[in-house]
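Structure first, then comments.
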Amino acid sequence: MARIKATRQPDLVLIQWTRNPLIAGSSRRITAARLIGNSSPCQFDLKPKALLSTALACLQDNDVGFRIVYRKRTSAISGYLLLQR
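According to this note's numbering, numbering within the sequence shown proceeds without interruption in unit steps and concludes at 106.
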């Protein structure tokens, strides 16, 4: 009898970010993050007020393997990203 393997479900991370409109060239900061599945070992980088660049560097590391599947700017100072592993 053949063995049936369950297909691994993708891990998804949705990140909402914003910049400080009063400071030109300010860094993007996370305002909210939602997770479906597991974001290990990057869960601590996905907290509000954390730098988006730090979270993306961790999530897109070759060992972690997330990639951006959708990005949208909602205004000149805000937007969101969807990453999948």
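Here a beta-carbon is modelled for each residue, glycine too, at the ideal position from N, C-alpha and C.
* Asked: Using the C-alpha atoms, what's the distance from residue 29 back to residue 64?
  -> One-based indexing of the sequence shown puts residue 64 at position 43. One-based indexing of the sequence shown puts residue 29 at position 8. Computed Cα separation, rounded: 20 Å.
* To do: Answer yes or no: do residue 106 and residue 42 have a C-beta to C-beta separation smaller than 9 Å?
  => As a first step, residue 106 must be located in the sequence shown, where it is residue number 85. As a first step, residue 42 must be located in the sequence shown, where it is residue number 21. No, the pair does not count as a contact, with Cβ atoms beyond the cut-off.
* Alpha carbon to alpha carbon, how far is residue 89 from residue 73? Give it in angstroms, no decimals. => Mapped onto the sequence shown, residue 73 falls at position 52. Mapped onto the sequence shown, residue 89 falls at position 68. Going by the C-alpha atoms only, they are around 13 Å apart.
* **Backbone secondary structure at residue 30 - three-state DSSP** => The count along the sequence shown starts at 1 and reaches residue 30 at position 9. DSSP places residue 30 in coil when its eight states are reduced to three.
* Grab me the residues of residue 59's own chain with a C-beta within less than 6 Å of its C-beta, minus the 5 sequence neighbours each way, in chain order. => Along the sequence shown, one-based indexing puts residue 59 at 38. Within the same chain, residue 59 has close Cβ partners 32.
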